[in-house]
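Asks: Dropping a structure here in structure tokens format, bear with me for questions.
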Amino acid sequence: MGRIETRLGELGIVLPKPMDLGPLPFELVRIHGDRAILSGHLPLDAEGALAQPLGKVGAEVSAEQGYQAARLVGCALLASLKQALGDLDRVAGWVRLFGMVNAAPGFNRLPAVVNGCSELILEVFGPEVGAHARSAVGLAELPFGAPVELEGEALIRP
Amino acid sequence: MGRIETRLGELGIVLPKPMDLGPLPFELVRIHGDRAILSGHLPLDAEGALAQPLGKVGAEVSAEQGYQAARLVGCALLASLKQALGDLDRVAGWVRLFGMVNAAPGFNRLPAVVNGCSELILEVFGPEVGAHARSAVGLAELPFGAPVELEGEALIRP
Amino acid sequence: MGRIETRLGELGIVLPKPMDLGPLPFELVRIHGDRAILSGHLPLDAEGALAQPLGKVGAEVSAEQGYQAARLVGCALLASLKQALGDLDRVAGWVRLFGMVNAAPGFNRLPAVVNGCSELILEVFGPEVGAHARSAVGLAELPFGAPVELEGEALIRP
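Chains as they are written, first to last, in my numbering: chain A, 315 to 472; chain Z, 315 to 472; chain E, 315 to 472.
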């Protein structure tokens, strides 16, 4: 078992099945050379379906639930990367996370929500490999009413 | 005539003139090495002006009209790439599309709208070169009331 | 004194202290090889705190104030790059700016706001190095009510 898989086990993290929302005209992970570009991912349940709760953070979804949803998005990103790479130990470094919160009017504590994903990546990969640039912003709508979505980029070993 | 130009002809696709919204303090396509970074593009008419209809998808603009607008954005991206590269056959692969829908409150079928661009790219470039990572999200406002905007990145041959 | 520092002096631009919003689970600039990925930056005052005014452009914040805020974001990006690189002369070229405006309902003159950052980058780095791809879009909410946020990417010399 790989180093990152071992680390996930230590943290008690079970990855979901990769996002399965039917046939898609794009790839969850697009690999070119040493770059893995990650499509926008939503919070998933264990089966790879959209996790509950849905709705806007600051209204139907609390900030704490939003944080947990962002953490689930992080798990979904890892599940897609694992499927694309075979082995998460091939992740050489994180580059960028773009965190999008389905924000209720007036809810602007967006970084606190997106931290759910950033902190997961740092816990799993450590402060060097896991370090990344990031934005955390409030969108008007997200697909299917998901509370959080993230896209990003990682560097990989061949 | 190049392979992609021939393919556009087979599909009956006529590219617009490149986006012409007056002098801009940025480039429609920024090339560094083998990367072509595409600025946010709007749906264009044949002359390179903003296409009708304008407005929010889910309100003034229907989901189907939004799909067609996203397809027009795809044509605008190709027009800019052709101008920058000289020959669309120099596109070696698509990397990323970031699809932004001017979403009416409560309209969250954003992927169905952005599919208009993704499917165009796949029709024109085929499933290998055309494959890309993607996000489809709902913005509060887009320039000049455009219903859809996309930015992205492609890989090119020197 | 480096070339870009000299140029900043000629333009009368004093960079703020790098953004200081407390400990962050991400980096303001993430460097991999010749790429410097810039996290989402907000307008800063001289001390690196969030600049006034806050609020939505088109409501509490005028378009002209939004332009000035975008210019301050440009200064914040340069301050972070300087801290990360030691010397701004190491910037070999700009790649991408993604400009996000905290847009009041109906305010869609977003490019005019984001021009504040694009024009600063062109003034400081000139038309060749400073050229970049760009999007200018309207977000529903930005962190702490900031009127503008930008993320981006630059190329650097080793």
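Don't be surprised by glycine CBs; every beta carbon is placed ideally from N, CA and C.
Select from Z/K331, Z/P339, Z/A447, Z/E319 the residue whose C-alpha is nearest the C-alpha of E/V443.
Replies: Z/P339
Asks: Would you mind telling me which residues of chain Z sit closer than 9 angstroms to A/L322, beta carbon to beta carbon, in chain order?
Replies: Going along chain Z, no residue has its Cβ under 9 angstroms from A/L322, so there is no contact; the nearest lies around 23 angstroms.
Asks: Indicate whether Z/L329 and Z/L411 have their beta-carbon atoms separated by less than 9 angstroms.
Replies: Taking 9 angstroms as the Cβ cut-off, Z/L329 and Z/L411 do not qualify as a contacting pair.
Asks: Are Z/V427 and Z/V343 closer than 9 angstroms when you measure CB to CB?
Replies: no
Asks: From E/E437 to E/A447, what does the alpha carbon distance come to, in whole angstroms?
Replies: 16 angstroms
Asks: What residues in the region 446-461 of chain Z have a beta carbon less than 7 angstroms from any beta carbon of chain A?
Replies: H446, A447, R448, S449, A450, V451, G452, L453, A454
Asks: Which first and last residues belong to the beta strand (DSSP E) in which A/I351 is found?
Replies: Segment 349-355, the beta strand (DSSP E) holding A/I351.
Asks: Here's the rule I'm using: 16 or more other beta-carbon atoms within 10 Å means buried, otherwise exposed. How should A/A454 be labelled?
Replies: buried
Asks: So the beta strand (DSSP E) E/S449 belongs to, where does it begin and stop?
Replies: 447-453
Asks: Under three-state DSSP, which class holds A/F421?
Replies: coil
Asks: Kindly say whether A/F421, judged by its beta-carbon, lies nearer than 9 angstroms to any beta-carbon of chain E.
Replies: yes
Asks: Can you pull the chain Z residues whose beta carbon is under 8 angstroms from the beta carbon of A/R344, in chain order?
Replies: Under the 8 angstroms cutoff, chain Z gives W408, V409, R410, A445, H446, A447.
Asks: Alpha carbons only, please: which of E/P337, E/I345, E/N429, E/A450 is nearest the one belonging to E/K396?
Replies: Nearest Cα to E/K396 within the set E/P337, E/I345, E/N429, E/A450: E/I345.
Asks: What's the gap between the Cα of Z/D334 and the Cα of A/L358?
Replies: 42 angstroms
Asks: Below 8 angstroms, how does it come out for the region 318-327 of chain Z and the region 462-471 of chain A: are there three or more Cβ pairs, yes or no?
Replies: no
Asks: Using a Cβ-Cβ distance under 9 angstroms, would E/I435 count as near chain A?
Replies: So, not an interface residue.
Asks: Measure the CB-CB distance between A/A479 and A/A383 and report whether it falls below 9 angstroms.
Replies: Because chain A is modelled from 315 through 472, residue 479 of chain A falls outside the range shown and cannot be assessed.
Asks: How is A/E361 classed by DSSP in three states: helix, strand or coil?
Replies: Note: A/E361 maps to coil in three-state DSSP.
Asks: When you compare only the Cα positions, how much space is there between Z/I435 and E/Q366?
Replies: 43 angstroms
Asks: Identify whether A/V387 lies in helix, strand or coil by the three-state DSSP scheme.
Replies: helix
Asks: Where does Z/G440 sit, in a helix, a strand or coil, going by DSSP?
Replies: helix
Asks: Name the one or two DSSP bridge partners that Z/R311 has.
Replies: Outside the displayed span of chain Z (315 to 472) sits residue 311 of chain Z, for which this structure offers no information.
Asks: Taking E/W408 as the reference, give the member of Z/E319, Z/I351, Z/L469 with the closest Cα.
Replies: Z/I351
Asks: Taking 9 angstroms as the threshold (beta carbon to beta carbon), is A/E463 in contact with chain Z?
Replies: Yes, A/E463 counts as interfacial toward chain Z.
Asks: Relative to the alpha-carbon of E/Y381, which residue among E/D403, E/P472, E/G430 has its alpha-carbon at the smallest distance?
Replies: E/G430
Asks: Cβ atoms of A/F458 and Z/N422: under 9 angstroms apart, would you say?
Replies: Contact flag set, yes.
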